[in-house]
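In the order they appear, the protein sequences are chains R, L, E and F.
Each residue of the first sequence is one higher than the last, beginning at 0 in numbering that gives the first Met the number 0.
Each residue of the second sequence is one higher than the last, beginning at 0 in numbering that gives the first Met the number 0.
Each residue of the third sequence is one higher than the last, beginning at 0 in numbering that gives the first Met the number 0.
Each residue of the fourth sequence is one higher than the last, beginning at 0 in numbering that gives the first Met the number 0.
Even for Gly, the Cβ is constructed at its ideal location relative to N, Cα and C.
The structure presented is a predicted model; accordingly, all values stated were derived computationally and were not measured.
Data first, discussion second: the structure below is written as structure tokens.
4 protein chains.
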Amino acid sequence: MTITIEQRSAQRLIVAQPPVAIEQPSTDHKEVNAMIVVMRSNADESQINAVLERLKEHSLRGHLSQGEERTIIGVVGAAIPPILREELEVFPGVQQTVPITRPYKLTAREFRPEDTIVMVGDVAVGAGSCVIMAGPCTVESEEQIITTARSVREAGATMLRGGAFKPRSSPYTFRGMGEEGLRLLALARAETGLPIVTEVMTPTDVDLVARYADVLQVGARNMQNYQLLEEVGRTGKPVLLKRGLSATIEEWLLSAEYVVAQGNPNVILCERGIRTFETATRNTMDLNAVALAKRRSHLPVIADPSHGTGKWYLVPPLALASLAAGADGLIIEVHPDPDRAKSDGAQSLTPENFAALMSRLAALAAALGR
Amino acid sequence: MTITIEQRSAQRLIVAQPPVAIEQPSTDHKEVNAMIVVMRSNADESQINAVLERLKEHSLRGHLSQGEERTIIGVVGAAIPPILREELEVFPGVQQTVPITRPYKLTAREFRPEDTIVMVGDVAVGAGSCVIMAGPCTVESEEQIITTARSVREAGATMLRGGAFKPRSSPYTFRGMGEEGLRLLALARAETGLPIVTEVMTPTDVDLVARYADVLQVGARNMQNYQLLEEVGRTGKPVLLKRGLSATIEEWLLSAEYVVAQGNPNVILCERGIRTFETATRNTMDLNAVALAKRRSHLPVIADPSHGTGKWYLVPPLALASLAAGADGLIIEVHPDPDRAKSDGAQSLTPENFAALMSRLAALAAALGR
Amino acid sequence: MTITIEQRSAQRLIVAQPPVAIEQPSTDHKEVNAMIVVMRSNADESQINAVLERLKEHSLRGHLSQGEERTIIGVVGAAIPPILREELEVFPGVQQTVPITRPYKLTAREFRPEDTIVMVGDVAVGAGSCVIMAGPCTVESEEQIITTARSVREAGATMLRGGAFKPRSSPYTFRGMGEEGLRLLALARAETGLPIVTEVMTPTDVDLVARYADVLQVGARNMQNYQLLEEVGRTGKPVLLKRGLSATIEEWLLSAEYVVAQGNPNVILCERGIRTFETATRNTMDLNAVALAKRRSHLPVIADPSHGTGKWYLVPPLALASLAAGADGLIIEVHPDPDRAKSDGAQSLTPENFAALMSRLAALAAALGR
Amino acid sequence: MTITIEQRSAQRLIVAQPPVAIEQPSTDHKEVNAMIVVMRSNADESQINAVLERLKEHSLRGHLSQGEERTIIGVVGAAIPPILREELEVFPGVQQTVPITRPYKLTAREFRPEDTIVMVGDVAVGAGSCVIMAGPCTVESEEQIITTARSVREAGATMLRGGAFKPRSSPYTFRGMGEEGLRLLALARAETGLPIVTEVMTPTDVDLVARYADVLQVGARNMQNYQLLEEVGRTGKPVLLKRGLSATIEEWLLSAEYVVAQGNPNVILCERGIRTFETATRNTMDLNAVALAKRRSHLPVIADPSHGTGKWYLVPPLALASLAAGADGLIIEVHPDPDRAKSDGAQSLTPENFAALMSRLAALAAALGR
């Protein structure tokens, strides 16, 4: 684990731990401070407890993060007295204290060097293997969702995606089956054992959706819907946070911070393409963001090549590319009959093409040692 | 009033009525139909009623729009039988029927050729003169809001803006005074007689904010928060709808359609700058959008040069430019002490600079015959 | 004239001189230094000469800029010894020396506080009035160019624009008449007395085009064609430098620096719309850039609403807006028969609409005191 | 080989031949026509010759493309008489004729279904394996270029990249060693046997650079420098065409068409990141474009993760992702001492990290069957 400032002249082999980036953070978020206390590798429990005690005296809570090599204690608070850092630096077992200058704190890699693993049932997201969430854009009928769930499970998917509440830019288009859709998803889960990922669009729906869903999806349009972020945060359930169409990586991590700040560390980031000048594709898949978000944050990051491209025939190459870029998982639209899909048919794979893609992903994962 | 397809070879003088644009609309909004029935200039009331009657028989409602020259009847419905158009074409007094192919219907210029005028107290928005909404980004104290309200009224502003609920990209920054802020705004209104424009961020706050505000502002981040759009639609109160950071003009009008579809025609569109590659300014003011939105829609359009530029010294030139581009009003951040503002100080004008700007705007408005 | 660092707390009335902006310049252009020597208001000629002499001793040239209030001496050089600044600070008549930290030097407002005026024949660009350059996108025939030239001059245009060499994204589209087109432009000038603005696309054509043209236009696609910039710089002729489709304001001014660094100060900047996600308009007119470029640089800035919008019916409102934003001129496409134009018909005005626009521009200019 | 219109309902397995896409092409390139004549699988030589003969009679040239299954004859011409298509349809051995409606013709996949393979010495670009071009951004000294050439060859690179003529946004920064740099590149080639890729910036330099280089690079800023495109086209040498910072995929292929239209089919397309709103990375790598360009065109496509990310630590993940997305090669900046590089140090890999990346690329290529 490396806390020293990155030096290109000391470029470590790529296999080394990601160092702390050198970029200056944006400066207009002064209201809160955060720091990490780096313990010596030989620090014992009593020394760690002594630090936690002192933090308590300042009514601050320490977030323990035990690495193989050493222990890190993260602290976030509106009022971290400057003197406290100096005090702690001379504590036995303390190697150094480092202020976190990024606007996001709890989600920052500096705050927690180890990767966060989000458990969905017994599926581990962020633990190395590539998790596949597949299913239709929208739940349309019992037969459609059950058929699809069976075929994607057979092909190797580990979660089922499907929309019951759909955000639509026009008030005149189909907006999903609502709670009935949630019931059908639960039915598909009972049939196949696949956990469910589905979108929640507004704070007042969170309890309802949380009763059915295993993962609460916050869509791109709602990435900065702060009341919704706090509400899903309060549930403690895994949250799939899609990046906004024109959100910077920093804004994306700040939205994740809203969820984590509610005491819910189970956030899965999802790159789904950004809006650019290019019109030949629905969005522009930003795989730089997948790699950079994993470096800047300890949260798992997955990719959505269906929305990221908007064309079924571009989904396979971009799915493979996302995995190679380091994505912890993929969310892919699959429909038994794309031409008759109520939404996103053009970007949905047939079950056959999905199965073909899965076997190529498996080969790739093996080559990447995942 | 011109319903014929625009022909460049027949470019009318700019003073002529805006014709219907020729661009093809996006095609994936087939669920609803809309058409307009154009009556002959000499059509009498009985003929108009006959049309409305026939629409009723198909359980469709006609939206009357009486121009100087002639009357237009707009119709929107999931099920407009094709045969109905043919029937109506032979009705006495009917000149022609024209289907509306744009995804937005009620907000389309074709649907209502006359400009919509939104009344806020006795301030008319969209009636020709340039309405000025001014005030601080955030309500900070009684003294601050009262002082500012007095100075902007003195300088000629006709509405007071101020935030009680603030969307902030970081969970650690000041998010406004909440209801206390609303109370202070009401106090400032009582003091100065200026109607209040303030933001509402989530559906459950709409009733509360509506009790205090004269205009409900929906911010850029919430432009596609559909539950919020429908909730403010239900209040019937004037709604200020800001364009999203990366929303197309079509998406912006579709969001307005959500409000109007609730039976609330009182929507004021607000261009506040879009996100582009340029970093020398906070956003890129898109005045093309002001002119095009006024052409595509009958709703009033105002501009926000404070957020559109992010720099106080660019506010005056862009405010003047917005007026010249046809904006029906401006919303401008003014703070008694920008350097100590809790937010947006860099883009807030001092009362002195605001007053200087107002006199230049007056001269310009006169020259434009407004 | 203000050299002090801008303080928002000391916001001057908008009528005051633009102060030096506070933004940090990008830092990766360290190879060259520049500074300005600010003389006291009462400094006499001998004191000024003494400074110039000392600069000579370091083989540096001083650029004199005589303001009403005081004199500024600008210096650019790879090797400005730090000691020199200290020496000069104690010279009689010297008030202070200020290093220029922006990547562009000769084009920076700090380097030359007074506006640069570019003379084209007896037309002054940047002297306060709004210069109108009008004509067809492409020269198509003698009759077409002569007719258009006559009609735009009648309407009040002061220069004639027309393309003989056309950059086209497809190799299969009409690329202009070449030298024959230049001959026809010269003919139109002889007929009407209007100076000619026309594009040059490649270094080897510069001499040819310069023999005919009064202003050499460098197109958006060539904004970073450095050999072309240096070649037009060497001619000493006025250069119209269009902003690239995705060029930042800083990159735009750096391209101007290429021309001025050849000893040719006669650069006219032209904002012509940038490329964004919005597809309802051909480009997004960035009027922030017009106002900011005039603040950051002393060069005149004009606007091109024809390319900036791509739609004839948006040209008038954006032309008025550009003037209000502070543009020193406009370049507008006019064609006797837009529907039959070989290029850009959709954005070309008819002579009638151009005349109507001209009268509205005149009224606006008067109101703005220009 | 599939000429039928793509049907999603008939999604073939991903391994199938790419079908013709359904998108409508832009319509403003009517000046030239193109079509393909599809011969029956059993068509014999005499039947093929008969078609070529008839084309000659109309002074049109047929481009033969012999697939395993069948033969395609492509035709491009300003004047393809409509009647000709009907005539050919009844020729013996002709299955059908299909007009090419895209603005680009010779570079379109429809025009030539088979992948184009560009030979650089005995290195085949586009033949399945992933070609690696590596080296410093700029040639700085004999020792620097020789050392780097040796280390990248050792690590498995098959070509050497290095800049002798550098486009720089500022006139005050180092612009490369010029011809001396070319000489050093030639020296490095003699030492290592690696072919040279280097940039040419202006038409008058093409002959000079072509005397030294094996591949002529046209940079992003020059993607629409048409005289340069035609000049490199005339040399017949392999051309590396970088995508412009804000160029659409269609514009990119149209620029390639300029080169191919000169009779030079040896074009290698290079995605190097586009300009978006995201500032955390230098550019946004658009891997959608890599996959889509390979589908729309028969030309090989490589990727430049160094410029695409701007950060050395993002180069490895994006290099792997580019390969997985289908890139035919990679161009990567390597410098013996990035911290002291005269340009692009931040995005240059050390020889150690490059070697580590190469072994990971090899494993990935094997898994992808390349």
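Contacts that D114(E) makes with chain L (C-beta to C-beta distance below 9 Å) | Ordered by position in chain L, no residue passes the 9 Å Cβ test against D114(E), which lies about 15 Å from the chain.
Measure the C-alpha to C-alpha separation of A326(F) and L298(F) and round it to an integer number of angstroms.
-> Using only the alpha carbons, I get a separation of about 11 Å.
Identify whether T191(R) lies in helix, strand or coil by the three-state DSSP scheme.
-> Helix at T191(R).
Alpha carbon to alpha carbon, how far is N221(F) from V289(L)?
-> For the pair N221(F) and V289(L), the Cα-to-Cα distance works out to about 34 Å.
Would you kindly work out how many angstroms separate the C-alpha atoms of T26(E) and T100(E), rounded to a whole number?
-> Residue confidence is low: T26(E) scores 37 on pLDDT, short of 50, so the model does not pin down where it sits. Its coordinate-derived value is still stated next. Near 8 Å, if we compare the C-alpha coordinates of T100(E) and T26(E).
Nearest-angstrom Cα distance between A246(L) and S342(E)?
-> CA-CA distance, A246(L) to S342(E), rounds to 30 Å.
C-alpha distance - S168(L) paired with F276(L), whole-angstrom precision = Each residue's alpha carbon lies about 20 Å from the other.
Buried versus exposed, by CB contacts within 10 Å (16 or more), L227(R) = With a threshold of 16 other beta carbon atoms within 10 Å, L227(R) meets it and is buried.
With a CB to CB cut of under 6 Å and the five nearest residues on each side skipped, what residues in its chain are close to V199(E)?
-> Only V205, V208, L215 meet the Cβ criterion.
Residues that H62(L) bridges to, as DSSP identifies them | Looking at the DSSP assignment, H62(L) forms a beta bridge with G73(L).
M0(L) versus I131(L) - alpha carbon distance = Confidence in M0(L) is poor, its pLDDT being 31 and thus under 50, which makes the residue's placement unreliable; the coordinate value appears in the next sentence. Whole-angstrom Cα-Cα distance: 29 Å.
By the criterion of Cβ-Cβ separation under 9 Å, what are the contact partners of R274(L) in chain F?
-> Within chain F, F276 have C-beta atoms less than 9 Å from the C-beta of R274(L), given in sequence order.
Around the Cβ of T278(L), are there at least 16 other Cβ atoms within 10 angstroms (buried) or fewer (exposed)?
-> Around the Cβ of T278(L), a 10 Å sphere holds fewer than 16 other Cβ atoms; the residue is exposed.
contact_flag[the segment 72–80 of chain F, the segment 30–47 of chain F] where n(CB pairs < 8 Å) is 3 or more | Flag = yes, the segment 72–80 of chain F and the segment 30–47 of chain F touch.
Which bits of chain L does L253(R) rub up against, with CB to CB less than 7 Å?
-> Those within 7 Å of L253(R) in chain L are S168, S169.
Using alpha carbons as the reference points, say which of E68(E), V217(E), S305(E), P335(E) lies closest to L239(E).
-> In terms of CA proximity to L239(E), V217(E) leads the group E68(E), V217(E), S305(E), P335(E).
Would you decide whether A355(E) is buried or exposed? Buried here means 16 or more other CB atoms lie within 10 Å of its CB.
-> Buried is the call here.
Proximity winner among S140(F), T283(F), E179(F), relative to R339(F) (alpha-carbon distances) | Nearest option by C-alpha distance: S140(F).
By how many angstroms is the C-alpha of E179(L) removed from the C-alpha of V303(L)?
-> The question names Val, but residue 303(L) in the sequence shown is Asp. Those two C-alpha atoms are separated by around 25 Å.
Cβ neighbours of Q223(F) in the same chain (closer than 8 Å, five flanking residues each side left out) = Closer than 8 Å at the Cβ level, and outside the excluded window around Q223(F), lie G243, A246, E250, S254.
Hey, does L363(F) have any beta-carbon neighbour from chain R nearer than 7 Å?
-> So, interface residue.
Would S296(L) be called buried (16 or more neighbouring beta carbons within 10 Å of its own) or exposed?
-> Looking at its Cβ environment, which holds 16 or more other Cβ atoms inside 10 Å, S296(L) is buried.
Taking L317(L) as the reference, give the member of N265(L), E270(L), M118(L) with the closest Cα.
-> Checking every option, the nearest Cα to that of L317(L) belongs to E270(L).
When burial is assigned at 16 or more other CB atoms within 10 Å of the CB, is R369(L) buried or exposed?
-> Counting Cβ neighbours within 10 Å, R369(L) comes out exposed, since fewer than 16 surround it.
Please confirm if M284(E) has its CB atom under 7 Å from at least one CB of chain L.
-> Yes, its Cβ sits closer than 7 Å to a Cβ of chain L.
Span of the beta strand (DSSP E) around A33(L) = From DSSP, the beta strand (DSSP E) with A33(L) extends over 32–38.
Taking Cβ-Cβ distances shorter than 8 Å, what residues in chain L pair up with S245(E)?
-> Going along chain L in sequence order, the residues near S245(E) (Cβ under 8 Å) are F276.
Is the Cβ of T308(L) closer than 7 Å to any Cβ of chain E?
-> Yes, contact with chain E.
Residues that A260(E) contacts on chain F, provided the C-beta gap is smaller than 7 Å = Simply P170.
Find out if the Cβ-Cβ distance for the pair L83(L), H57(L) is shorter than 7 Å.
-> Going by C-beta atoms, L83(L) is nearer than 7 Å to H57(L).
Step through the CB atoms of chain E and report whether any lies within less than 7 Å of the CB of E256(F).
-> With 7 Å as the cut-off, E256(F) counts as an interface residue toward chain E.
V217(L) lies in the beta strand (DSSP E); which residues open and close that run?
-> Under the DSSP assignment, V217(L) falls in the beta strand (DSSP E) whose first and last residues are 214–217.
Report yes if the CB atom of G120(F) is closer than 7 Å to the CB atom of M38(F), and no otherwise.
-> Not closer than 7 Å, so no.
DSSP state of P24(L) mapped onto helix, strand, coil = With a pLDDT of only 36 at P24(L), under the threshold of 50, the placement of this residue in the model should not be trusted; the figure read from the coordinates follows. Of the three classes helix, strand and coil, the one that applies to P24(L) here is coil, per DSSP.
Straight-line gap, Q143(L) to T191(L) (C-alpha atoms, nearest Å) = Rounded to whole angstroms, Q143(L) to T191(L) spans 14 Å at the Cα level.
Under 9 Å Cβ-Cβ, which residues of chain R neighbour E56(L)?
-> Those within 9 Å of E56(L) in chain R number zero; the least Cβ separation is about 23 Å.
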